[in-house]
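These protein sequence lines map, in sequence, to chains A and B. Just so we're aligned, residue 349 is where the first sequence starts under this note's numbering, counting upward by one. Just so we're aligned, residue 302 is where the second sequence starts under this note's numbering, counting upward by one. Presented below is the structure to which this report refers.
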Amino acid sequence: MRTEGYRVSDIMTCCISNMLQDNETVFHGVSSHLPMVAMKLAKSMHAPDLVHLNIPGGVNPSSIKHASYSSAGADLLGTAEAYFPLEEVFDLSMRGKLDVAFLGGIQFDLNGNVNASVIGDYHKPKVRLPGGAGSAVLIPTAKKAIIWRVKHDKRTFVEKVDFTTTRGNLWKIVTPLCIFEYRKGKLHLESIHPTSSLEEVRDNTGFDLIYDEIKYTASPTNHELAMLKKIDPYDFRSIEF
Amino acid sequence: MKKVKSLKDAVNLINDGDTISFGGNVLHRAPMAAVREIARQNKKSLKLVKTAGAQDIDLLCAMDCVESVDAGFVSYETKYGLANHYRQGVQSGKIKGNEHACYTVICALRGASMNVPFMPVKGLNAGDLLVKNDYFVVVEDPFSGEPITLVKSIVPDVAIIHVQECDENGNAIIYGPKFEDILLSRAANKVIITTEQIVPVSRIKLNAERIDIPGFLVHSIVHVPNGAAPASCYKKYEVDDKSVAAFIKMSSKDEIRAYLKAYETKDYLGERMGRRL
Numbered sequence: 349m350r351t352e353g354y355r356v357s358d359i360m361t362c363c364i365s366n367m368l369q370d371n372e373t374v375f376h377g378v379s380s381h382l383p384m385v386a387m388k389l390a391k392s393m394h395a396p397d398l399v400h401l402n403i404p405g406g407v408n409p410s411s412i413k414h415a416s417y418s419s420a421g422a423d424l425l426g427t428a429e430a431y432f433p434l435e436e437v438f439d440l441s442m443r444g445k446l447d448v449a450f451l452g453g454i455q456f457d458l459n460g461n462v463n464a465s466v467i468g469d470y471h472k473p474k475v476r477l478p479g480g481a482g483s484a485v486l487i488p489t490a491k492k493a494i495i496w497r498v499k500h501d502k503r504t505f506v507e508k509v510d511f512t513t514t515r516g517n518l519w520k521i522v523t524p525l526c527i528f529e530y531r532k533g534k535l536h537l538e539s540i541h542p543t544s545s546l547e548e549v550r551d552n553t554g555f556d557l558i559y560d561e562i563k564y565t566a567s568p569t570n571h572e573l574a575m576l577k578k579i580d581p582y583d584f585r586s587i588e589f
Numbered sequence: 302m303k304k305v306k307s308l309k310d311a312v313n314l315i316n317d318g319d320t321i322s323f324g325g326n327v328l329h330r331a332p333m334a335a336v337r338e339i340a341r342q343n344k345k346s347l348k349l350v351k352t353a354g355a356q357d358i359d360l361l362c363a364m365d366c367v368e369s370v371d372a373g374f375v376s377y378e379t380k381y382g383l384a385n386h387y388r389q390g391v392q393s394g395k396i397k398g399n400e401h402a403c404y405t406v407i408c409a410l411r412g413a414s415m416n417v418p419f420m421p422v423k424g425l426n427a428g429d430l431l432v433k434n435d436y437f438v439v440v441e442d443p444f445s446g447e448p449i450t451l452v453k454s455i456v457p458d459v460a461i462i463h464v465q466e467c468d469e470n471g472n473a474i475i476y477g478p479k480f481e482d483i484l485l486s487r488a489a490n491k492v493i494i495t496t497e498q499i500v501p502v503s504r505i506k507l508n509a510e511r512i513d514i515p516g517f518l519v520h521s522i523v524h525v526p527n528g529a530a531p532a533s534c535y536k537k538y539e540v541d542d543k544s545v546a547a548f549i550k551m552s553s554k555d556e557i558r559a560y561l562k563a564y565e566t567k568d569y570l571g572e573r574m575g576r577r578l
């Protein structure tokens, strides 16, 4: 997947980083290495006063280099400025003071429904998924909810989800092929990654694409790629690929 | 009252059908030695409660100890993949998977800690979780007339929490992330502490303001060095990669029984040290 010295994981990390603004309070959960790196990148580039929150409660960890198998480990507290545990992060979001939350999911549809729960019937599922973790309370309450998913195929982007773990108030969905933005109740194709094409996105999406014009996601800059090497030397951002 | 017990005696306090909540989060500071002992004692029909669980829930599901799981997330993290025993249990209909939103587990435990039957929860206002689960109800806020979601309180019969330091009276200090453990200790009817170290009363008293769980809330204490392994324990040890990776590959109960057997010496180590004292 290497094109001109960067990979899809680099594009996803950099475009997510560029969605984050200075002074925002931003939270990521478990199994969330890519957004964790994106947050650290934003903080090292254009958003030095971004507030990094996480499950172990480490506010602004100075390093994310030791979070190898887990983005919920004690290392994020070990190098932090302060302690602010998960239950308080949730309370913060309920008070309307969490700016951005990163969440996952397995299936998404055109109408912005998110499934992280089951394939098939809820009570006797064909596939029991890990569960939405905080999604069902954070997506409705965070000011901006960003979803990332390293799979983009017709089983992921479907006409109708099997189960609605949560819906509404999504902001962006970032995939290995493109970025969707949720507007007026629908997912709109915002931009296509330079490593992909309209045909590829169309062929791998189970609903008709909505877009005004074809735009491409910005390629990572040399500065960003150099910074990624420094803050994420073990390439945790690619762990899900 | 002597609170320090053997692992066997402490786990023997659990009855079939009990609601059990474990401390820690995913593969961090989960009370794994106690979990293994629950499996060895073949407890049945347990109702497990945790915001985000991993091997603790998966192992007990594998050994048919579980009736239901109330959790926001049950999976290993990226590197180790999915909790397959839990999944298969739910998919076959043997285990009831009660999905929460992590925060709703927290609110259900807060309800228990205050001895109220339910807690209002902001945020959870759309989607099928509200429709499919009887522990969520949307009512009209009597003050504003707006809809508000309630989550039914969950009172664990037993909470099991692994800590780094505890004295013989149960005064416990958690180093690093505390996750939901302090709340858990206030919500459960009975608290069992497993601890890396039992420290002298006089020493922990010097740090009285650092105590996370005061002894009067604690029913039983078990000395289990490495009691969270193969999960991590801050300042003590990291995840035991080999053990977790080996477990993930196991599919038969016999394999898992051998895995439990292989841990016996380590899990009962604290007792032998205790007898020498």
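Quick reminder that beta carbons are idealized off the backbone N, C-alpha and C, glycines included.
Inclusion of aspartate 371(B) and lysine 351(B) in the CB contact set at 9 Å is warranted, their separation being smaller than that value. With respect to chain A, the C-beta atom of alanine 529(B) has no partner C-beta closer than 9 Å. Inclusion of alanine 363(B) and asparagine 326(B) in the CB contact set at 9 Å is not warranted, their separation being larger than that value.
Tyrosine 564(A) has Ile540(A) as its beta-bridge partners, per DSSP.
Restricting attention to alpha helix (DSSP H) runs no shorter than 4 residues, the region 354–416 of chain A encloses them at 356–367 and 381–392, ordered along the chain. Contact of serine 465(A) with chain B by beta-carbon distance below 7 Å involves Glu400. Using a Cβ-Cβ cut-off of 7 Å, isoleucine 407(B) is close to Glu435 and Phe438 of chain A, given in chain order. Between the region 571–584 of chain A and the region 414–428 of chain B there are fewer than three inter-stretch CB-CB distances shorter than 8 Å, so the stretches are not counted as touching. Counting along the chain, glutamate 565(B) sits inside the alpha helix (DSSP H) bounded by residues 565–568. Each residue's CA atom was taken as its position, placing valine 485(A) and serine 414(B) some 21 Å apart. If the five residues before and after threonine 405(B) are omitted, its C-beta is found closer than 7 Å to the C-beta atoms of Val422, Leu425 and Val452, all from its own chain and listed in chain order. In the DSSP assignment, no residue is bridged to aspartate 435(B).
The alpha helix (DSSP H) runs of length 4 or more contained entirely in the region 365–440 of chain B are, from start to end of the chain, 385–392, 404–415 and 430–433.
Bridge pairing for threonine 496(B): Val464(B) and His524(B) [DSSP]. Our two residues, serine 533(B) and glutamate 539(B), have alpha carbons roughly 4 Å apart in a direct line. Along the region 462–490 of chain B, the positions whose C-beta sits under 8 Å from a C-beta of chain A are Gly477, Pro478, Lys479, Phe480, Glu481 and Leu484, read in chain order.
In chain order, Gln465, Glu466, Cys467, His524 and Pro526 place their CB closer than 8 Å to the CB of glutamine 498(B), counting only its own chain and leaving out the 5 sequence neighbours on each side.
Closest by C-alpha distance to asparagine 517(A), out of Thr489(A), Gly554(A), Phe456(A) and Phe584(A), is Thr489(A). In the three-state DSSP reduction, phenylalanine 456(A) falls in the strand class (E or B). The beta carbon of lysine 445(A) sits closer than 8 Å to the beta carbons of Thr373 from its chain, once the five residues preceding and following it are set aside; these are given in chain order. Within a 10 Å sphere around the beta-carbon of isoleucine 339(B) sit 16 or more other beta-carbons, which makes this residue buried. Collapsing the DSSP output to three states places serine 586(A) in a helix.
Going by beta carbons, threonine 361(A) and proline 524(A) fall outside the 9 Å limit. Taking 9 Å as the CB threshold, valine 500(B) stays off the interface with chain A.
With respect to isoleucine 462(B), isoleucine 493(B) sits close: the two C-beta atoms are nearer than 9 Å. In this structure, leucine 451(A) sits near glycine 480(A), with a CB-CB distance shorter than 9 Å. Fully contained in the region 501–557 of chain A are the following alpha helix (DSSP H) runs of length 4 or more, in chain order: 546–551. What threonine 553(A) touches in chain B, judged by beta-carbon distance under 8 Å, is nothing: the nearest beta carbon there is about 22 Å away. Using a Cβ-Cβ cut-off of 9 Å, methionine 442(A) counts as an interface residue toward chain B, since at least one Cβ of chain B sits closer than that to its own. If you look at alanine 547(B), you'll find it isn't in any beta strand (DSSP E); it sits in the alpha helix (DSSP H) that goes 542–550. Contact with chain A is found for valine 375(B), since one of that chain's Cβ atoms lies less than 9 Å from the residue's Cβ.
Of Thr512(A), Lys474(A) and Ile487(A), the smallest CA-CA separation from serine 393(B) is found for Lys474(A).
Scanning its chain for C-beta atoms nearer than 6 Å, with the 5 sequence neighbours on each side dropped, one finds around proline 418(B) the residues Ser454, in chain order. In this structure, valine 336(B) and phenylalanine 323(B) form a Cβ contact; the two beta carbons are roughly 7 Å apart against a cut-off of 8 Å. The three-state secondary structure of lysine 306(B), taken from DSSP, is strand.
Burial is judged here by how many other beta carbons sit within 10 angstroms of a residue's own beta carbon; alanine 509(B) has fewer than 16 and is exposed.
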